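Going down the list, the protein sequences come from chains W, H, V and X. Under this note's numbering, think of the first position of the first sequence as 129, with each following residue one higher. Under this note's numbering, think of the first position of the second sequence as 129, with each following residue one higher. Under this note's numbering, think of the first position of the third sequence as 129, with each following residue one higher. Under this note's numbering, think of the first position of the fourth sequence as 129, with each following residue one higher. Everything on this sheet refers to the single structure shown next.
There are 4 protein chains.
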Amino acid sequence: MRQDARENRERILAAAEEVFGTQGAAGSTEEVARRAGVGHATVFRHFPTKEELIEAALLRHFDRLTDQALAIAATPDPATGWRTLLRTMIETGATKLTLGTMLPAKPSTAAIGASDRLKAAVSEVLRQAQNSGAVRPSATVEEVYLLIRGLAQASATMPPNPETLSRAIDIVLSGLSQPPRGYPSRCGNDHQT
Amino acid sequence: MRQDARENRERILAAAEEVFGTQGAAGSTEEVARRAGVGHATVFRHFPTKEELIEAALLRHFDRLTDQALAIAATPDPATGWRTLLRTMIETGATKLTLGTMLPAKPSTAAIGASDRLKAAVSEVLRQAQNSGAVRPSATVEEVYLLIRGLAQASATMPPNPETLSRAIDIVLSGLSQPPRGYPSRCGNDHQT
Amino acid sequence: MRQDARENRERILAAAEEVFGTQGAAGSTEEVARRAGVGHATVFRHFPTKEELIEAALLRHFDRLTDQALAIAATPDPATGWRTLLRTMIETGATKLTLGTMLPAKPSTAAIGASDRLKAAVSEVLRQAQNSGAVRPSATVEEVYLLIRGLAQASATMPPNPETLSRAIDIVLSGLSQPPRGYPSRCGNDHQT
Amino acid sequence: MRQDARENRERILAAAEEVFGTQGAAGSTEEVARRAGVGHATVFRHFPTKEELIEAALLRHFDRLTDQALAIAATPDPATGWRTLLRTMIETGATKLTLGTMLPAKPSTAAIGASDRLKAAVSEVLRQAQNSGAVRPSATVEEVYLLIRGLAQASATMPPNPETLSRAIDIVLSGLSQPPRGYPSRCGNDHQT
DNA sequence: TATGAATGAGTGTTCATTCAT
DNA sequence: GATGAATGAACACTCATTCAT
């Protein structure tokens with residue numbers, strides 16, 4: 129019986145990622161229940177509130193990304209790893225969840241924890257990339273997050289041509305590899321403040 | 129009387145930009161009416177449908193941006209102009225409207241026209257920047273639009289620290305000024321494919 | 129100026145007959161104004177209330193029917209006259225107004241007066257037809273009215289084939305010419321109580 | 129629980145018959161909910177659309193009448209049966225539903241089926257009455273339906289004195305038992321095939 | 001006087017949440 | 001524990017009526 133509940137919970141979360149990822153917070157819990165193949169009220173037994181459901185789905189998404197980031201951090205090639213992480217976050221954020229868009233007011237401590245863990249993992253990968261010289265040292269995780277969120281949201285609400293998305297990501301990567309515009313890189317001392 | 133109606137129409141559109149810009153299409157017309165200081169039904173007298181209201185607000189926003197883009201295109205300094213345009217589009221898109229996110233199905237011909245005019249004006253400024261050497265020639269308006277939309281949406285749904293936004297924009301500008309990453313610029317042949 | 133007002137009033141009433149005759153009390157005053165070619169508020173200047181408008185339209189219809197009934201009463205052939213009156217009332221009631229259907233609560237004295245005058249005129253034609261032997265003497269104007277109203281309403285809400293309507297009217301006329309069923313007419317004393 | 133739903137459904141349908149029968153399609157679903165003693169939204173859970181609710185109420189009414197007609201058809205006395213059926217249809221149509229008045233555009237196949245079944249059953253009773261000589265053979269079900277609908281609607285919108293309704297029905301029955309007016313029955317061959 | 005504009009009350013419909021089985 | 005049923009709050013939209021020009 130506990131087993132059934134677990135399975136249901138998992139199916140509901142998967143459905144929630146699909147529904148809210150596609151339609152934003154406007155998606156209905158009934159749609160989630162339908163896709164999960166469970167009764168409408170069962171969703172509420174597991175997640176007493178729509179907000180809590182969204183939060184749980186987000187949390188799961190965050191945890192997954194954290195795992196990927198940690199795996200990448202354990203990898204020998206920081207430059208490639210960084211690039212991969214960026215793409216992954218944008219693409220999965222696009223089709224599935226527009227990250228922290230929902231949940232404006234009061235994220236639960238669990239969500240905050242997951243978010244912090246993810247940020248820490250991303251920061252670690254970023255730092256490795258910076259150490260390897262692939263990303264200029266002045267970049268912080270804040271602006272990177274903003275760019276990731278932006279491309280993910282934009283892709284979710286109006287899916288671009290994959291080529292276009294790819295080129296946009298390249299622009300970001302390229303921008304991260306040089307000193308900020310206005311201080312054009314001169315030959316010989318590429319990345320420095 | 130015509131005067132009153134004009135004023136109301138203007139107030140409604142301003143309110144609509146605020147509401148739909150912040151909350152997306154999920155915003156309610158009643159909220160718009162409240163902020164405009166008019167009765168609920170007055171909104172419908174001016175815009176018989178929620179969709180038409182959103183469209184009208186978008187159109188107004190597009191037209192304004194087009195004017196700004198054209199003004200910038202008439203300016204002698206393409207590099208600065210380009211930078212200014214980018215910032216303007218992202219920042220006003222942020223506080224006001226998440227650009228073309230809404231209106232999924234059937235944009236009216238008027239909206240399409242306004243959108244096309246804006247794209248043309250932006251393209252013109254972009255071309256000038258490319259001719260001046262400030263932006264690498266391989267960049268197309270498509271990926272630039274995607275980045276703009278992304279930063280505007282992300283800023284609208286979860287307003288970032290202005291510093292952070294600024295740095296994110298710098299990254300984009302910087303990325304646009306160099307050849308795409310993966311083909312690192314070697315000294316002597318700065319921007320080429 | 130008084131002339132304009134008269135003309136407007138007339139046009140409004142004509143439009144009202146069309147609109148309410150076709151759609152019942154569910155018809156909108158705006159539709160009436162549109163068909164009359166006047167502004168929406170003008171209708172309300174002439175008839176301060178939707179009910180009063182409907183009443184006025186009814187009244188006009190009643191007066192017209194009264195005139196026709198009186199004209200028929202002045203005619204030498206009571207049998208034909210009766211038949212004509214019945215058809216007229218059903219057919220014009222159908223296309224134009226479902227008679228007293230609207231105005232449930234409180235008909236104005238004017239409307240009551242018009243209604244009474246019409247009933248009196250119809251009664252007169254009926255009496256003549258009875259005197260001539262075309263209609264059996266036991267019939268009263270009450271049941272005749274009910275049948276007329278019924279056929280008019282039924283025709284208005286779901287227009288029948290003209291042939292069908294004609295045959296239905298014939299059935300009523302035929303039923304009015306014989307003693308009621310159950311006391312089958314024996315030869316020799318055809319119509320009497 | 130299934131039991132409760134059934135009861136509610138039944139109560140809603142009964143309320144709908146009353147409301148729409150009296151006020152036509154202009155009646156409100158809220159009124160229906162109130163009379164059924166259920167919440168507003170419960171009505172929509174059972175019948176997702178006002179049209180579907182009206183249709184379901186009609187269908188139930190039709191089915192009931194069909195059953196009565198079939199029962200009458202199985203009876204030994206066609207003349208009495210015919211008279212009873214007519215009265216029943218008019219009287220229940222009156223207090224309950226003005227028959228097929230609503231549902232202008234697209235009656236569902238279920239509704240069409242029910243309507244056809246009823247018409248067939250009525251036709252059968254009519255044919256028996258004609259065979260027995262109680263109704264003249266030239267009458268078709270079409271005009272009979274029109275008269276029934278008319279008296280039902282008229283009675284619903286402005287309830288007549290029962291006496292008056294009775295006499296009106298007698299007129300119809302009498303009209304159906306003779307050849308149409310204009311070809312007055314001569315003594316000796318009153319009603320024949 | 002005629003009218004475009006404004007609006008409150010009402011309607012059909014959806015949805016998150018609660019309840020009874 | 002799971003679920004169909006119930007419901008109040010909210011929303012988009014309509015319309016009779018009033019107001020200001």
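From the three backbone atoms N, C-alpha and C, an ideal C-beta is built for every residue, glycine too. Values in this document were obtained by computation on a predicted structure and should not be read as measured data.
Under 9 Å between C-beta atoms of residue i and residue j
i: V/Gly-278; j: X/Ala-296; result: yes
i: V/Ala-133; j: V/Glu-183; result: no
i: X/Gly-209; j: V/Asp-298; result: no
i: H/Pro-290; j: H/Ala-282; result: no
i: X/Thr-170; j: X/Asn-136; result: yes
i: V/Ile-140; j: V/Leu-181; result: yes
i: W/Glu-96; j: W/Ala-197; result: The structure shown does not extend to residue 96 of chain W, since chain W is modelled only from 129 to 321, so the question has no answer here.
i: X/Ala-284; j: X/Thr-177; result: no
i: V/Val-272; j: V/Leu-214; result: yes
i: W/Gln-256; j: H/Ser-305; result: no
i: X/Gly-155; j: X/Val-147; result: yes
Same chain only: Cβ atoms within 7 Å of residue i, ignoring 5 sequence neighbours per side
i: H/Glu-252; result: Ala-201
i: V/Arg-211; result: Leu-301
i: H/Ala-249; result: Thr-194, Ala-197, Leu-198, Ala-201
i: X/Thr-333; result: Absent from the model: residue 333 of chain X. The displayed extent of chain X is 129 to 321, so no value can be given.
i: H/Ser-236; result: Glu-183
i: W/Phe-175; result: Leu-181, Ala-184
i: H/Arg-245; result: Thr-194
9 Å Cβ cutoff, residue i in contact with chain W
i: H/Ser-305; result: yes
i: H/Gly-278; result: yes
i: H/Glu-158; result: no
i: H/Arg-295; result: yes
i: H/Glu-271; result: yes
Test: residue i CB closer than 9 Å to a CB of chain H
i: W/Asp-298; result: yes
i: W/Gly-152; result: yes
i: W/Leu-274; result: yes
Any chain X beta carbon closer than 9 Å to residue i
i: V/Gln-281; result: yes
i: V/Asn-289; result: yes
i: V/Thr-177; result: no
i: V/Thr-203; result: no
i: V/Thr-292; result: yes
Contact with chain V by residue i, beta-carbon distance below 9 Å
i: X/Met-286; result: yes
i: X/Thr-268; result: yes
i: X/Thr-220; result: no
i: X/Glu-145; result: no
i: X/Ser-251; result: no
i: X/Ser-302; result: yes
Neighbourhood of residue i by C-beta distance below 6 Å, restricted to the same chain and skipping five residues each side
i: W/Ala-161; result: His-168, Val-171
i: X/Ala-143; result: Val-160, Arg-163, Ala-164
Own chain, CB closer than 8 Å to residue i, minus 5 neighbours either side, in chain order
i: H/Leu-275; result: Val-300
For this session: Would you check if the stretch 196–214 of chain W and the stretch 243–263 of chain W touch, i.e. whether three or more CB-CB distances between them fall below 8 Å?
Result: yes
For this session: Check whether the stretch 177–195 of chain W touches the stretch 206–221 of chain W, counting contact only when three or more Cβ pairs, one atom from each stretch, lie closer than 8 Å.
Result: Inter-segment contact for the stretch 177–195 of chain W and the stretch 206–221 of chain W is present: three or more beta-carbon pairs are separated by less than 8 Å.
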